[in-house]
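> Have a look at this one.
In our numbering, the protein residues as written are 12 to 66.
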């Protein structure tokens, strides 16, 4: 799970590296990066629990 969560963190960092002049576009990119991080965290949880708690 920690590897996939770190991939989500790296993707959030890479998305936030890009700065645009429009504040709305910066806000949308920030929100997208949070959703992307939560997606990777969710996938890591599902893959981490697969085969251990779900019989």
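The beta carbon of each residue, even a glycine, is placed where N, CA and C say it ideally should be.
All figures in this text were calculated on a predicted structure; none of them were measured in a lab.
Taking residue 26 as the reference, give the member of 41, 32, 13 with the closest Cα.
Nearest C-alpha to residue 26: 41.
> Go to residue 43, then tell me how far its alpha helix (DSSP H) extends in each direction, as first and last residue.
Per DSSP, residue 43 belongs to the alpha helix (DSSP H) from 34-60.
> Which value, in whole angstroms, describes the spacing of the CA atoms of residue 45 and residue 56?
Looking at the two C-alpha atoms, the distance is approximately 16 Å.
> Note down the Cα distance separating residue 33 from residue 43, rounded to an integer number of angstroms.
Their Cα atoms are separated by approximately 15 Å.
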